[in-house]
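> All the letters of the sequence shown, read from the start, carry residue numbers 3 to 233 under the working numbering.
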Amino acid sequence: LLNYEDAYPSLNPLSFLAIAMRNDQLNVFMKILPQAKPRLNTTVPSLPCPFCSSSTVTLLHLAICLKNLKVVKFLLQAGSDVNSTEDLSEGQLGGITPLMQAIVSARHRGYCSKEICQDRVIAELLSAENINLDIQVGEKTSKKTALDLVRHDTCPGIKKMIEQAYVRHNLRKKLMKRKEDPIKSAPAKGDQDKGLAKSAQAKGPPKSAPAKSAQVKADQGKGLAKADPPI
């Protein structure tokens, strides 16, 4: 069916993957996924999110709303952008990252248990190698990070996980800054060599012992020899 996409645009791999995901058909999902890799970060055609207010969704967005940990992991491994921002048609934010989407969806559901909690999905997103926790979204006067979306009604486990992630993130930034500062303040090797050369020129060549001093010592030696009486 995927071969007829030109004639029937609805027969595209993203739509098939969304259907397989919603029906929990992981085998079908994994078979179609390689064909959809070039489009993973584009929205699924004509598919609003059935769980939140977004009028357009990516596959990663849909997997997060479905709380499907395996699909989230497979999508990240296949190349889904963990730092992409999505516009919400009726949401409070102008753009939202997958991590923010997971936090907001967990908060808006109004319930949390081991079976449906977003904690494992959020842990998977946080473990992504290139995740950027400094991304801010929203209006210019009210920019928000993922940490700012954590509220008093957020699941305690998720709240602790996000807060700890930001503590580690800020600590890494401080350590990186400390490593960079000595490099910036230390002069280059070439500059050090030039400085040493200028210092040597200012001091001039090493002073040699005066010739007169050597002659005086020689004369003193002769005088002592004459002063000694013969035995």
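We put the CB at the ideal spot given by N, CA and C, even for glycine.
1) Quick one: what does DSSP say Lys-142 is sitting in, helix, strand or coil?
2) Exposed or buried, which one is Pro-100 when buried takes at least 16 other CB atoms within 10 Å?
3) Less than 8 angstroms between the CB atoms is what I'm expecting for His-63 and Gln-103, so what's the real figure, rounded?
4) Go ahead and label Thr-60 buried or exposed: buried means 16 or more other beta carbons lie within 10 angstroms of its beta carbon, across all protein chains shown.
5) Would you please state the rounded distance, in angstroms, between the beta carbons of Ser-107 and Phe-18? I believe it to be under 8 angstroms.
6) Over the uninterrupted alpha helix (DSSP H) stretch that includes Ser-17, give me the two end residues.
7) How would you call Glu-126, buried or exposed, if buried means at least 16 neighbouring beta carbons within 10 angstroms?
8) Using the rule of at least 16 other Cβ atoms within 10 Å of the residue's Cβ for burial, across every protein chain shown, is Val-169 buried or exposed?
9) Are the beta-carbon atoms of Ser-86 and Asn-132 separated by less than 9 angstroms?
10) Let me check understanding here. Comparing Cα to Cα, which of Gln-79, Asn-29 and Ala-20 lies closest to Cys-245?
11) Would DSSP call Ile-133 helix, strand or coil?
12) What's the call for Gln-166, buried or exposed, on a 16-neighbour Cβ count within 10 Å?
13) State the Cα-Cα distance for the pair Pro-15 and Leu-173, rounded to the nearest angstrom.
14) Between which residues of its own chain and Thr-147 is the CB-CB distance below 6 angstroms, once the five residues before and five after are set aside?
15) Check whether the Cβ atoms of Ile-66 and Val-123 lie closer than 9 angstroms to each other.
16) Give the single residue among Met-178, Val-84 and Ile-105 whose Cα lies nearest to the Cα of Asp-155.
17) Pull up the distance between the alpha-carbon of Val-84 and that of Ser-129, whole angstroms please.
18) Would you report the Cα separation of Leu-149 and Ser-57, rounded to the nearest angstrom?
19) Rounded to the nearest angstrom, what separates Arg-41 and Gly-159 at their Cα positions?
20) Between Ala-80 and the rest of its own chain, which residues show a CB-CB distance below 7 angstroms, the 5 nearest in sequence each way excluded?
21) Thinking just about the alpha-carbon of each residue, which of Lys-69, Leu-135 and Ser-82 is nearest to the one in Cys-119?
Judging by the given coordinates:
1) coil
2) buried
3) 6 angstroms
4) buried
5) That pair is no contact at about 24 angstroms.
6) 15-24
7) buried
8) exposed
9) no
10) With the chain covering 3 to 233 only, the question about residue 245 has no answer from this structure.
11) coil
12) exposed
13) 42 angstroms
14) Gln-138
15) yes
16) Ile-105
17) 10 angstroms
18) 25 angstroms
19) 34 angstroms
20) Leu-35, Lys-39 and Leu-42
21) Lys-69
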